[in-house]
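Chains as they are written, first to last, in the numbering used here: chain A, 221 to 599; chain Y, 12 to 301; chain C, 4 to 393.
Cβ coordinates follow ideal geometry from the N, Cα and C atoms, glycine included.
Single-structure report; data block below.
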Amino acid sequence: MSKLKGFKWKYYINYAVVFVVGLILTLMSFTVGLEQSTIYLLEKMLIAIILAVSLNLVVGFLGELSLGHAGFMCVGAYLGGKISLILADKLGTGPLSLIISLTVGGLCAAICGVIIGLPALRLKGDYLAIVTLGFGEIVKSIFQNTSKESFGGALGLDTPRYDKYTLFIFGFALVLLTLAVVQNLMRSKHGRAITSIRDNEIAARATGINVTKYKLMAFTVSAFFAGIAGVLYSFSNFKVNSYTFGYNYSIEILVMVVLGGIGSINGSIISAALITFLNTKLATILTGDKAVLQNLFYAVILIIIVIYNNSPALKGFREKYDLKKMFSRVVKHNDPSVIRDDQGKWARIPTKIPMDEILSTDVQPNQSTLKPDKSKEDK
Amino acid sequence: MDFITTLINGLSIGGIYAMIALGYTMVYGIAKMLNFAHGDIIMVGGYTIYVFLNMTGHPAIAIITAIIFCLILGVTIEKVAYKPLRGASPLAVLITAIGVSYLLQSLAQIIFGSAPKMVTIFNFGTKNIGGLRIQISTIVTLIATIIVMIALSLFVKFTKMGRAMIATSEDKDATQLMGINVNGVITVTFAIGSSLAAIAGLFYLMKSPSLTNTLGSMPGIKAFTAAVIGGIGSIPGAMLGGFLLGIVECISYSIPVIAPYTDAIEFLILIVILLVRPTGILGKKRREKV
Amino acid sequence: MSKFSKVLCLTLALAMVCVCFAGCGGAKAGNYTAKNTEFVIGMSGPLTGPAAIYGIGVKNGAQLAVDEINEQGGLNGIKFKLEATDDMHDTKKVSTNYSSLLEKGMQVSLGCVTSAPCAEWTDLSHEDNVFFLTPSASNDDIPKYENGYQMCFADGNQGIVAAEYVNDNFKGQTIGIFYKSDDNYSAGIYNKFKDSLSKDVKTIDTVFTAANETSFDEQINKLKDCKFIFMPIYYTPASIFMTQAKGIIADDAVYYGCDGFDGIDKAEGFDITSIPQEVSMLSHFDSNATEGVAADFIKKYTDAFGTETLNQFAASAYDCVYALYGAMKKADVKDVTISASDLSDILQKEFTGGYAFENGVTGGGEPITWESTGYVNKKAIKFIIKEMDK
Numbered sequence: 221m222s223k224l225k226g227f228k229w230k231y232y233i234n235y236a237v238v239f240v241v242g243l244i245l246t247l248m249s250f251t252v253g254l255e256q257s258t259i260y261l262l263e264k265m266l267i268a269i270i271l272a273v274s275l276n277l278v279v280g281f282l283g284e285l286s287l288g289h290a291g292f293m294c295v296g297a298y299l300g301g302k303i304s305l306i307l308a309d310k311l312g313t314g315p316l317s318l319i320i321s322l323t324v325g326g327l328c329a330a331i332c333g334v335i336i337g338l339p340a341l342r343l344k345g346d347y348l349a350i351v352t353l354g355f356g357e358i359v360k361s362i363f364q365n366t367s368k369e370s371f372g373g374a375l376g377l378d379t380p381r382y383d384k385y386t387l388f389i390f391g392f393a394l395v396l397l398t399l400a401v402v403q404n405l406m407r408s409k410h411g412r413a414i415t416s417i418r419d420n421e422i423a424a425r426a427t428g429i430n431v432t433k434y435k436l437m438a439f440t441v442s443a444f445f446a447g448i449a450g451v452l453y454s455f456s457n458f459k460v461n462s463y464t465f466g467y468n469y470s471i472e473i474l475v476m477v478v479l480g481g482i483g484s485i486n487g488s489i490i491s492a493a494l495i496t497f498l499n500t501k502l503a504t505i506l507t508g509d510k511a512v513l514q515n516l517f518y519a520v521i522l523i524i525i526v527i528y529n530n531s532p533a534l535k536g537f538r539e540k541y542d543l544k545k546m547f548s549r550v551v552k553h554n555d556p557s558v559i560r561d562d563q564g565k566w567a568r569i570p571t572k573i574p575m576d577e578i579l580s581t582d583v584q585p586n587q588s589t590l591k592p593d594k595s596k597e598d599k
Numbered sequence: 012m013d014f015i016t017t018l019i020n021g022l023s024i025g026g027i028y029a030m031i032a033l034g035y036t037m038v039y040g041i042a043k044m045l046n047f048a049h050g051d052i053i054m055v056g057g058y059t060i061y062v063f064l065n066m067t068g069h070p071a072i073a074i075i076t077a078i079i080f081c082l083i084l085g086v087t088i089e090k091v092a093y094k095p096l097r098g099a100s101p102l103a104v105l106i107t108a109i110g111v112s113y114l115l116q117s118l119a120q121i122i123f124g125s126a127p128k129m130v131t132i133f134n135f136g137t138k139n140i141g142g143l144r145i146q147i148s149t150i151v152t153l154i155a156t157i158i159v160m161i162a163l164s165l166f167v168k169f170t171k172m173g174r175a176m177i178a179t180s181e182d183k184d185a186t187q188l189m190g191i192n193v194n195g196v197i198t199v200t201f202a203i204g205s206s207l208a209a210i211a212g213l214f215y216l217m218k219s220p221s222l223t224n225t226l227g228s229m230p231g232i233k234a235f236t237a238a239v240i241g242g243i244g245s246i247p248g249a250m251l252g253g254f255l256l257g258i259v260e261c262i263s264y265s266i267p268v269i270a271p272y273t274d275a276i277e278f279l280i281l282i283v284i285l286l287v288r289p290t291g292i293l294g295k296k297r298r299e300k301v
Numbered sequence: 004m005s006k007f008s009k010v011l012c013l014t015l016a017l018a019m020v021c022v023c024f025a026g027c028g029g030a031k032a033g034n035y036t037a038k039n040t041e042f043v044i045g046m047s048g049p050l051t052g053p054a055a056i057y058g059i060g061v062k063n064g065a066q067l068a069v070d071e072i073n074e075q076g077g078l079n080g081i082k083f084k085l086e087a088t089d090d091m092h093d094t095k096k097v098s099t100n101y102s103s104l105l106e107k108g109m110q111v112s113l114g115c116v117t118s119a120p121c122a123e124w125t126d127l128s129h130e131d132n133v134f135f136l137t138p139s140a141s142n143d144d145i146p147k148y149e150n151g152y153q154m155c156f157a158d159g160n161q162g163i164v165a166a167e168y169v170n171d172n173f174k175g176q177t178i179g180i181f182y183k184s185d186d187n188y189s190a191g192i193y194n195k196f197k198d199s200l201s202k203d204v205k206t207i208d209t210v211f212t213a214a215n216e217t218s219f220d221e222q223i224n225k226l227k228d229c230k231f232i233f234m235p236i237y238y239t240p241a242s243i244f245m246t247q248a249k250g251i252i253a254d255d256a257v258y259y260g261c262d263g264f265d266g267i268d269k270a271e272g273f274d275i276t277s278i279p280q281e282v283s284m285l286s287h288f289d290s291n292a293t294e295g296v297a298a299d300f301i302k303k304y305t306d307a308f309g310t311e312t313l314n315q316f317a318a319s320a321y322d323c324v325y326a327l328y329g330a331m332k333k334a335d336v337k338d339v340t341i342s343a344s345d346l347s348d349i350l351q352k353e354f355t356g357g358y359a360f361e362n363g364v365t366g367g368g369e370p371i372t373w374e375s376t377g378y379v380n381k382k383a384i385k386f387i388i389k390e391m392d393k
């Protein structure tokens, strides 16, 4: 009994939900059957979830802004797609070929993650953002100008499509894999090291954390799963075209992470699924000349939600009418890598350990911990 | 001779990047926020010039209206979208800026449609100087960029408002305690940045007469790259970065083998420069305190 | 409270997901056309974003044809209906657009407007055997399966025709090329053009990319001695190039473009008469026609939608709808609920069996036929849009 009590079932709730949803849909597809558009939508949602969760590792937990996530995805999609094309003759497009391509695509993207993680050791904040954006554009430009024989050139690479009725089951499995790796990483001592770099890099270094190693680790894991998402994309489409992996797509993923709550994995899952769903549905409802309204709504909603969620002036209002409050225990506080009291706040104010105030003798630590040290926001 | 022409062409496109980068660097240096919508204010400036040029026929009126309109627009965006987020995380502000950028683009498409609009403004023609054919508009852009750069530097160094801007960029809270209206300073910064964007829009139209609703996004990113290369927050750095990027672009286009990879080369140079000098060429090194 | 809310949240999430998808559940390869009361033509194109002018042009042109056919009583009393979806020139959006159109009862389609998304459409529609006749996706790979046909010239063919012209007229000379390396239209024409060019002709190749459509000074500088410049690009960058090249490229040079040049003389604010050089193009649609069906179309289109989106894409889409209508009329399709696959078989038989589309707006008024490869056979018209200044 005591063992059961110690079982932190809320750690596993998101696996359970994803698993059950996947199971229900799988059963449905084998019995009643799912519409093609539903399956395509599902594949897109799953790809978006993998992307958002993996980006959250860098943006939410490492605290660095990356605008090149689509670039990693592009690497995975092209190289994984190329491998699957080569394998298609010998192994067909079955599960074995899928798994090999996923491994290769993911690893190639991870190597790029190491490469782009290296400047990250010296750069911070907006500087890093522009470097990652540049990386995405470099990848796009290179693939777009390849010859037709190697990577398809400007029209894109022809990739074999996996069986369209069962690919989404693999998608669910990959989402579970992503969740398992990212959540376990964040709940281990490595994860605490990564969050401590976010909160105060110098303090982290001072306590003996190998900042280089952990920054690279976060970038590499994040890039690996972006690559996995890319391979999944190449298997769900007939064409991989680097044109689609521009910075706009990276921003779309970032928006999912931000709207879901920075540093909240469950939030990323929900918002990635919801935004993809809405985007697709709006695109089918608003046709013709009204189509441009979709972008307008999207922009306005984005601005309103970000201001509502982050404005310091609206803090009182937010706390009074918090819709999330009743779900907050499930949705938010299930992650021990984030300090519970700070979790709600840190999306607004980067939590910094006010070291010099703690060290100086005439300031009481208890009082000073409430006020973040703003002078370090510039870095 | 060909190489000199390449350099001049680089300065010509670099002048536009520099002008946009000056606006970027002002806003970034003082408000400490990456104004992603800056490129789209250029687009708004372009469309305003187009509308008023068609309405009145006087380029001068059109340009002045565009500057005033962009100024008002920039201040409005700042008040409505960015001011509520003062003190929030930089990421939230960046996302809002992206939202504003999308908003301006879709509004432009609703109002003006998707067909490119051609605007002919100030066709100065070309001039022969020592065997080189130089477009007058290149010279105008160059001179204007240098004038704006010097004026901004002087403004920041020697006026009360300029000093207040430096103070704000150093430490907002301390500045407030010294009795300076930080919100007012940031508003002025946005006003200056947005009017510079309108001027950049004018130079853009002089160079490339085609107006679309996504006109500003890529030059905006290139200019931000230029500002980072030069050292963001540094006014001469923005200009230097802009010219450097323009020259690199033109040299790359003049070599057939690497010409298709020009974009990749530009961003590669950014990464290399940042690796060697993490704060850009002229950026001040800030010592990180605990 | 906490336990209750957890259970509630979980139940809600599950319920939501089930509700979401329960509504979508249906037979696997369902017969979506069973409830049709009209023939449904599907299309996907960029209705927003930078390429929107082409997508909107196609949509309007096709709508115009559909309305006219319906006014005349449709086919055997059955009317037509156009379903247009927005893909923003993004390959990612095509699969959802395609499947949602299929579920709306699409029986025949115009494919995608632009080539990159259409490449995805090609494979998707091949799986379900849905016939498409694309007005504007001109890449060589688009009609690679038997269910795909083009109304526009394939890129490669345009490159070959242009190369033949150059081989005949510029032997031993140096010509300039200005193309967009990351655009499949431009790169496709360029590659075939270079392949078919004879060794006697030397070239100076210059490129630009999507990220740099502002300043072409460097490219102009390299091309300044050329008397013939081949420009397989769209008219917007071409007009910028011509404006910037004034006074640098010799006044007696020739700018030679493909169908992408269409509309250059009508671009708002761009005065082609201010360009001293000759501007020619190879196209299938004469947008300055003053008589014949093309002139009628131009008048009708302008009355309905204005001149902004009037381009060869719109004309081509108008022809596509009439060509499909003609083929269906010839095959005497009477069943409004005919499945997309059955209709595709019928149309394939017609198109490969020597079906000739008469009185097209494009192709200079001559009958249009199709090869079994899906490429179109029609008259290419070499227009001199603007003659050289004397």
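Would you mind sorting residue i into buried or exposed? The rule is 16 or more other CB atoms within 10 Å of its CB.
i	result
Tyr528 of chain A	exposed
Glu390 of chain C	exposed
Ser201 of chain C	exposed
Ala92 of chain Y	buried
Ser148 of chain Y	buried
Is residue j closer than 8 angstroms to residue i when the C-beta atoms are compared?
i	j	result
Glu421 of chain A	Ala340 of chain A	no
Leu261 of chain A	Ala446 of chain A	no
Pro60 of chain Y	Val130 of chain Y	It is worth fixing the name first, because residue 60 of chain Y is Ile in this sequence and not Pro. Yes, these two residues count as a Cβ contact at 8 angstroms.
Gly191 of chain C	Ile232 of chain C	no
Leu293 of chain Y	Ile482 of chain A	no
Leu114 of chain Y	Leu399 of chain A	no
Thr17 of chain Y	Glu221 of chain C	yes
Phe156 of chain C	His287 of chain C	yes
Ala275 of chain Y	Ile362 of chain A	yes
Asn150 of chain C	Ser128 of chain C	yes
Val169 of chain C	Val204 of chain C	yes
Opposite residue i in the DSSP bridges: which residues?
i	result
Val379 of chain C	C:Trp373
Gln146 of chain Y	Y:Thr137
Lys128 of chain Y	Y:Leu222
Gly179 of chain C	C:Ile207, C:Ile232
Thr496 of chain A	Thr496 of chain A is not bridged to any residue.
Val475 of chain A	DSSP lists no partner for Val475 of chain A.
Can you tell me whether residue i is helix, strand or coil according to DSSP?
i	result
Tyr385 of chain A	coil
Val520 of chain A	helix
Ala87 of chain C	strand
Cys155 of chain C	coil
Val55 of chain Y	helix
Task: Inter-stretch contact (C-beta, 8 angstroms, three-pair minimum) for the stretch 435-451 of chain A and the stretch 274-284 of chain A - done: yes
Task: Segment contact, 8 angstroms Cβ cut-off, at least three pairs: the stretch 260-269 of chain Y with the stretch 18-27 of chain Y - done: yes
- [ ] Report yes or no: do the stretch 295-307 of chain A and the stretch 467-480 of chain A share at least 3 C-beta pairs separated by less than 8 angstroms?
- [x] Output reads no: the stretch 467-480 of chain A does not touch the stretch 295-307 of chain A.
Open item on the list: Could you check whether the stretch 310-329 of chain A touches the stretch 286-299 of chain A, counting it as contact only if at least three pairs of C-beta atoms, one from each stretch, sit closer than 8 angstroms?
Closed with: yes
Task: Segment contact, 8 angstroms Cβ cut-off, at least three pairs: the stretch 239-247 of chain Y with the stretch 26-36 of chain Y - done: yes
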